[in-house]
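For what it's worth, my numbering labels the leading residue of the sequence shown as 513, then goes sequentially.
Here a beta-carbon is modelled for each residue, glycine too, at the ideal position from N, C-alpha and C.
Below is one structure, written out as structure tokens, with a few remarks after it.
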Amino acid sequence: MRRTATALLAATLLLAGAAVSCSSGPSYDDIVKDCTTALKQRAEAEKGKPAECKDVKADDYDALLMSQTIDDLGWTDKDGNFDEGKMLEDAGQP
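Next comes the structure, spelled out in structure tokens:
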């Protein structure tokens, strides 16, 4: 599931990055990378959208945020893929 979401996100970012590459500012890919870094580094209690993410499209931001949340909760395996067993274990289900 996470691989599919990651592949879809990567394809979207590549297309968006190609469309924006003619501008003089940072590429969309760079903006998304900065946003991802900001999400990883922010304190747990912070709930607002980091300033680094202001130019990230809503759907892309939602995907980045969900990916980071799943990772923060420890619901990923050693390869970074979603692990349903870990999620169910946290929920108290066998």
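Sorting D584, N593, D595, Y540 by C-alpha distance to the C-alpha of K552 places D584 at the top. In terms of CA proximity to V544, L577 leads the group T588, G586, L577. A603 counts as exposed, since fewer than 16 other beta carbons sit within 10 angstroms of its beta carbon. Taking G586 as the centre and dropping the five residues before and after it, the same chain places the C-beta of K598, D602 closer than 8 Å to its C-beta, in chain order. Residue burial annotation: A575 is buried, with at least 16 other C-beta atoms found within 10 angstroms of its C-beta.
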